[in-house]
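Notes follow once the structure below has been shown.
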């Protein structure tokens, strides 16, 4: 049960503003929570053997900035300043569900006597950090306390992806806007009517916030004022103006003290301060692209209903609600499913909601729980419900509270979760091409212009995809911003290495993104090309970075190999690296760390690793290091000639990456699996001779002669029929699709027919009969 709750807050313009750190605010809230027990603080703190905290924005995603520094062990920083030495320190995963999830978890821990006293806490000082970030005399919020930490990680799996980041979905408002517009479309409401509904939903929230002493924006607003777009309420992302978006620039902290009836009695805590958890549930919705209906999260509704079931209560029995309100859809989603009116006289918040009370990162719902506790204490026997949301309507935790004593009941969240996870998922196209319809959309308003974001369904197979409007397509942006219902609009989508793009028509796509014919340029910036009869020699020309590749270089190589495969007069290609040191050192990590967009073309790293078919030979002349993506590039080639000094390695694991450009797939097929696993899991380097002994390399050349030997190998291929070579490669690729040898041999194929009726086939047999060298035509 809960025996104490506390909160702390300060504003930049408060008379006694102190510029407190997140640790300071959490400690202040914890002291308030301990004082709320109404017994000696030292006595209560002595009973605390577990401190669990939510994460700050600063440590909720990898690489997040902390301009003023941060704690390396936030729970122990808080504990240390309180004079507590807990046996257990826990840092919870990211997400707004985390405060309620912690209550659900640690009430069970107390019940099962795994803990006598638990302090839950969290805080954000985003406003203060932003205020001091660029000042020379800024404070230092760093802390490095001793002691172990149960760090549960970010918990972001399934919530964010490279695909989303590539398409500008790197912020919560944009992602929620897609859900919001999907809901509007499903309801068939006009833009004006829907905006009015958002304002009407949040108007009562502003009145609650206005009377909350911890609120960051304590002023009431009319529904019209909330959604009227003007210079003071600018559009953030369609359909959200600033005032209906969670307010993250806050300085707020909250804390909760949990213990058992036995310990509370020993401590002398008045039973009138005891608040029991009557019902609880923790459920997770399917990942964004898997959901049948993007505008709805049934798991959140199911969590509320199940918590009510555990509590033995109905919705009518609840006296106080606080539904997580980062954006209107987070509230609409739940009340739609519960058939609860937006103007329910009980109200939908006890704090004022995230846009008005404030959105202190992952910790908002701890404030909601604190408020609910105070409400139910003031009305003994009443019931209060907290719904806490995390991710993109992804994770939902629910708690139902009352002063009426009740033994904690087991919930069936794990069983319900298994049912949710087993439901069929919508097909997903990472790269999408063809006609499609808009399923939902938004337009981001950025300083450097607008970004149109579309989620659509391919007409060909119904798969869902994510795409952006072409930057110069003002016509499509205008449609997304002004058409009363863009959902259902027919569009044309095309995949590029940097992401999918949509236009209103195929002709418009060709106009905006003209497809270059596969031809060679006169010169390239990151590669050189030399043509010698039917042989093409391609050299990666980034010697200053060991021929490591970045997106522009990959794009050039993709263009070069497109031209090679399209040119009937080119029959063999050799790929090598400039200088004696490296064939290719892989991905240019310095470029990747610069913050610039990182992607590979559709045809993959070096323009070849993701090609579905390569029906003309490519020889890798490995003249030095072939590391990471460099080895993956060599593996994608048909043949490898290595300088005797060449070094091979898939070293991605040593820099926190994986061999995702085909290395993890191709290497175990090219080497004995146990050896491939060793190289993949350790990043160990392999010499040219070792690679040759295991069949990874065709030929090892004397030092400095890899290109010479590669040319000799190319000459051997050029002496053969180019038609036969091409069709042989095609036959090999077709056979690779079949696991059984006899099935592969007997599989239908057009290869033999095409070969028998080719000019080269006739020429080869004629030349043999006439005892002369054949004159190949490649046809």
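In our numbering, the protein residues as written are 73 to 851.
Virtual Cβ for every residue (Gly too), placed ideally from N, Cα, C.
Taking all protein chains shown into account, residue 837 has fewer than 16 neighbouring C-beta atoms within 10 Å of its C-beta and is therefore exposed. For the pair residue 182 and residue 162, the Cα-to-Cα distance works out to about 15 angstroms. Counting only residues of its own chain and dropping the five nearest sequence neighbours on each side, residue 675 has a CB closer than 6 angstroms to the CB of 630, 682 and 683. Two segments are said to touch when three or more pairs of C-beta atoms, one from each, lie closer than 8 angstroms; by this definition the region 707 to 716 does not touch the region 745 to 757. By alpha-carbon distance to residue 757, the top candidate from 737, 718 and 727 is 718.
For the pair residue 78 and residue 112, the CB atoms are not nearer than the 7 angstroms cut-off. Under the 10 Å beta carbon count, residue 817 is surrounded by fewer than 16 other beta carbons and is classified as exposed.
In the three-state scheme derived from DSSP, where H, G and I count as helix and E and B as strand, residue 191 is classed as strand.
Fewer than three pairs of CB atoms, one per stretch, sit closer than 8 angstroms, so the region 476 to 490 makes no contact with the region 410 to 427. According to the DSSP assignment, residue 399 belongs to no beta strand (DSSP E), since it is labelled neither H nor E. Where residue 711 is concerned, there is no enclosing alpha helix (DSSP H), although the beta strand (DSSP E) around it starts and stops at 711 to 715. Cβ atoms of residue 447 and residue 392 come within 8 angstroms of each other, at about 5 angstroms. Counting along the chain, residue 176 sits inside the alpha helix (DSSP H) bounded by residues 170 to 183.
Bounds of the beta strand (DSSP E) holding residue 354 are 348 to 356. A residue is called buried once 16 or more other Cβ atoms fall within 10 Å of its Cβ, and residue 832 is buried on that count.
About 14 angstroms separates the beta carbon of residue 653 from that of residue 720, a gap too long to meet the 8 angstroms contact definition.
Looking at the DSSP output, residue 323 bridges to 197. Within its own chain, the residues whose Cβ lies closer than 6 angstroms to the Cβ of residue 409, once the five positions on either side in sequence are excluded, are 373, listed in chain order. By the Cβ neighbour-count rule, residue 754 is exposed, with fewer than 16 other Cβ atoms within 10 Å of its own. Apart from the 5 residues on each side of it in sequence, residue 222 sits with its Cβ closer than 6 angstroms to the Cβ of 162 in its chain, given in chain order. Counting along the chain, the unbroken alpha helix (DSSP H) around residue 295 starts and ends at 295 to 299. Listed in chain order, the alpha helix (DSSP H) runs fully inside the region 640 to 720 are 661 to 664 and 701 to 708, counting runs of at least 4 residues.
With contacts defined as CB atoms closer than 7 angstroms, residue 196 and residue 433 qualify as a contacting pair. In the DSSP assignment, residue 600 falls within the unbroken beta strand (DSSP E) covering 599 to 604. One alpha carbon belongs to residue 620, the other to residue 658, and they sit about 5 angstroms apart. According to the DSSP assignment, residue 749 belongs to the alpha helix (DSSP H) that extends over 745 to 754. Beta bridge pairing from DSSP links residue 609 with 602 and 646. Sixteen is the threshold: when 16 or more other Cβ atoms of the shown chains lie within 10 Å of the Cβ of residue 462, as they do, the residue is buried. Counting other Cβ atoms within 10 Å of its Cβ, residue 147 reaches 16 or more and is therefore classed as buried. Considering only 445, 305, 368 and 465, the residue with the shortest C-alpha distance to residue 517 is 305. For residue 444, the enclosing alpha helix (DSSP H) starts and ends at 436 to 450.
Between the C-alpha atoms of residue 478 and residue 380 there is a straight-line separation of about 14 angstroms.
In the structure shown, residue 472 falls within a strand segment according to DSSP collapsed to helix, strand and coil. For residue 626, the three-state secondary structure derived from DSSP is helix.
The bridge partners DSSP lists for residue 507 are 564. For residue 328, the beta-bridge partners assigned by DSSP are 77 and 192.
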